[in-house]
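Here the structure comes first, spelled out in structure tokens, and everything after it is commentary.
Protein chains: 2
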Amino acid sequence: MDEPAWLDEHELSAWQAFLATGAIINRLVEQQLKDDSGLSHSQYEVLVRLADATDGELRMTELAGAAFTSKSGLTYQVAQLEKAGLVRRRACPTDVRGVIASLTDEGWAALRAAAPGHAALVRELFVSGLSREEFAGFAAGLSALLGRLYAHVD
Amino acid sequence: MDEPAWLDEHELSAWQAFLATGAIINRLVEQQLKDDSGLSHSQYEVLVRLADATDGELRMTELAGAAFTSKSGLTYQVAQLEKAGLVRRRACPTDVRGVIASLTDEGWAALRAAAPGHAALVRELFVSGLSREEFAGFAAGLSALLGRLYAHVD
DNA sequence: AACCAGTTGTTCGAACCCGAACCAACCCCC
DNA sequence: GGGGGTTGGTTCGGGTTCGAACAACTGGTT
Numbered sequence: 001m002d003e004p005a006w007l008d009e010h011e012l013s014a015w016q017a018f019l020a021t022g023a024i025i026n027r028l029v030e031q032q033l034k035d036d037s038g039l040s041h042s043q044y045e046v047l048v049r050l051a052d053a054t055d056g057e058l059r060m061t062e063l064a065g066a067a068f069t070s071k072s073g074l075t076y077q078v079a080q081l082e083k084a085g086l087v088r089r090r091a092c093p094t095d096v097r098g099v100i101a102s103l104t105d106e107g108w109a110a111l112r113a114a115a116p117g118h119a120a121l122v123r124e125l126f127v128s129g130l131s132r133e134e135f136a137g138f139a140a141g142l143s144a145l146l147g148r149l150y151a152h153v154d
Numbered sequence: 155m156d157e158p159a160w161l162d163e164h165e166l167s168a169w170q171a172f173l174a175t176g177a178i179i180n181r182l183v184e185q186q187l188k189d190d191s192g193l194s195h196s197q198y199e200v201l202v203r204l205a206d207a208t209d210g211e212l213r214m215t216e217l218a219g220a221a222f223t224s225k226s227g228l229t230y231q232v233a234q235l236e237k238a239g240l241v242r243r244r245a246c247p248t249d250v251r252g253v254i255a256s257l258t259d260e261g262w263a264a265l266r267a268a269a270p271g272h273a274a275l276v277r278e279l280f281v282s283g284l285s286r287e288e289f290a291g292f293a294a295g296l297s298a299l300l301g302r303l304y305a306h307v308d
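In the order they appear, the protein sequences are chains V and B.
Following our numbering, the numbering of the first sequence begins with 1 at its first residue and continues without gaps.
Following our numbering, the numbering of the second sequence begins with 155 at its first residue and continues without gaps.
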């Protein structure tokens with residue numbers, strides 16, 4: 001009974017703003033990366049996750065989890081990156097089924113080349129539009145939300 | 155010179171959280187709508203924008219702008235919705251080129267049927283994880299960000 | 001040792017989405 | 001009133017994504 005069928009005014013406008021910002025930012029980031037480095041956003045994310053890992057290597061499943069894509073989607077993207085010479089695949093020594101994706105030297109170089117432009121755009125779109133306090137509050141909300149979501153997926 | 159090539163710790167974690175929340179929420183919402191109503195999220199958004207407009211009617215271009223999709227993407231979705239009987243297309247009286255998408259009775263019914271489950275999920279994922287103050291701060295940040303983005307697209 | 005539930009990564013079919021190209025029609029200004 | 005630039009919407013081709021099905025393998029249990 002206390003669960004109305006529609007979102008109220010505040011909920012709705014925040015929700016719409018969330019969808020809109022996500023859509024617009026994603027589009028602009030995608031565009032910038034493609035124009036500037038020939039990488040899609042998902043490919044860039046894959047490179048970043050690999051670079052974050054020790055030795056620039058990660059099992060496929062771990063990578064899929066970190067990059068917010070499905071297993072099959074990752075198989076596709078890694079195949080593309082391998083074709084481009086940015087990523088290498090090798091067998092996992094402890095599990096015959098396993099595949100380890102690992103950054104090549106070209107992969108590191110591509111990431112280093114792409115990062116500054118990407119960082120500049122993210123700052124411009126995402127950071128510099130807010131005051132320090134606004135950004136702090138916003139980031140706190142995001143992080144709380146994310147924690148909640150992890151609990152929800154479990 | 156004062157533009158570092160990488161995001162700093164705070165920027166990065168907020169940015170990652172933003173990407174992660176967007177990805178997870180979109181996936182869950184997509185899933186819920188599909189299971190519950192057989193609609194994709196974009197289709198649901200189209201229905202919502204039409205329902206918000208006077209008489210449940212909108213020109214294709216306005217609709218594309220409101221639903222954050224490309225013109226061709228919208229053509230596709232409206233075709234799907236028309237096939238499903240939820241939307242009708244008619245000629246625009248003041249512009250021969252124009253096409254007006256309009257909700258059918260079935261469209262209104264489908265939206266009314268889908269809304270409660272969707273609203274409940276959005277509340278659960280997006281609203282109820284934050285305190286009232288957190289949510290207010292978060293929403294303010296979102297809205298400021300969105301304003302900035304609109305200026306950026308112009 | 002033999003089973004069996006769960007995991008790993010790929011393949012396959014389908015859906016989706018975008019940008020570019022396109023045609024028709026609009027607008028406006030001379 | 002008749003160009004020329006702009007806009008409205010669709011079509012087309014290609015790339016991307018997903019989930020389901022699959023086969024191979026693992027680890028624990030008996």
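C-beta: ideal position from N, C-alpha, C; glycine also.
This one's a predicted model, so the numbers in the text were calculated from it and none came from an experiment.
{"Query": "Please check if any C-beta of chain V sits within less than 8 Å of the C-beta of Gly-210(B).", "Result": "no"}
{"Query": "Are the CB atoms of Pro-270(B) and Ala-101(V) within a distance shorter than 8 Å?", "Result": "no"}
{"Query": "Taking Cβ-Cβ distances shorter than 8 Å, what residues in chain V pair up with Gly-227(B)?", "Result": "Those do not exist, as Gly-227(B) stays about 11 Å from chain V at its closest Cβ, beyond 8 Å."}
{"Query": "Does the count of Cβ pairs from the region 134 to 154 of chain V and the region 284 to 301 of chain B closer than 8 Å reach three?", "Result": "yes"}
{"Query": "Tell whether a beta-carbon distance below 8 Å holds between Glu-57(V) and Gly-85(V).", "Result": "no"}
{"Query": "Write down the C-beta distance between Gln-197(B) and His-272(B) rounded to the nearest angstrom, noting that I regard them as a contact closer than 8 Å.", "Result": "Their Cβ separation, rounded to whole angstroms, is 12 Å, which puts Gln-197(B) and His-272(B) out of contact at 8 Å."}
{"Query": "Out of Arg-132(V), Leu-145(V), Ala-114(V), point me to the one whose CA is closest to Gly-283(B)'s CA.", "Result": "Leu-145(V)"}
{"Query": "Please confirm whether Thr-258(B) and Arg-244(B) have their CB atoms less than 8 Å apart.", "Result": "no"}
{"Query": "Consult DSSP for Glu-157(B) and reduce its assignment to one of helix, strand or coil.", "Result": "coil"}
{"Query": "Can you pull the chain B neighbours of Thr-61(V), defined as C-beta to C-beta under 9 Å?", "Result": "What Thr-61(V) touches in chain B: nothing, since even the nearest Cβ is about 17 Å away."}
{"Query": "Cβ closer than 7 Å: which chain V residues qualify as neighbours of Gln-284(B)?", "Result": "A small correction: the amino acid at residue 284(B) is Leu; Gln does not occupy that position in the sequence shown. Neighbours of Leu-284(B) on chain V, chain order: Gly-141, Ala-144, Leu-145."}
{"Query": "Can you name the start and end residues of the alpha helix (DSSP H) that Arg-112(V) belongs to?", "Result": "105 to 122"}
{"Query": "If we define contact as Cβ-Cβ less than 8 Å, is Trp-108(V) a contact residue for chain B?", "Result": "no"}
{"Query": "Just to make sure I have the definition right: I need the residues of chain V whose C-beta is within less than 7 Å of the C-beta of Thr-175(B). Which are they?", "Result": "Leu-142, Leu-145, Leu-146, Leu-149"}
{"Query": "Between Ser-131(V), Val-99(V), Thr-75(V), Ala-114(V), which has its C-alpha nearest Glu-190(V)'s C-alpha?", "Result": "The requested residue 190(V) is not part of the displayed model; chain V covers only 1 to 154."}
{"Query": "Does Val-250(B) have its Cβ less than 8 Å from a Cβ in chain V?", "Result": "no"}
{"Query": "Going along chain V, which residues have a C-beta under 9 Å from Pro-270(B)?", "Result": "Glu-3, Pro-4, Ala-5, Trp-6"}
{"Query": "Inspect the beta-carbon positions of Leu-204(B) and Ala-218(B) and report whether they are closer than 8 Å.", "Result": "no"}
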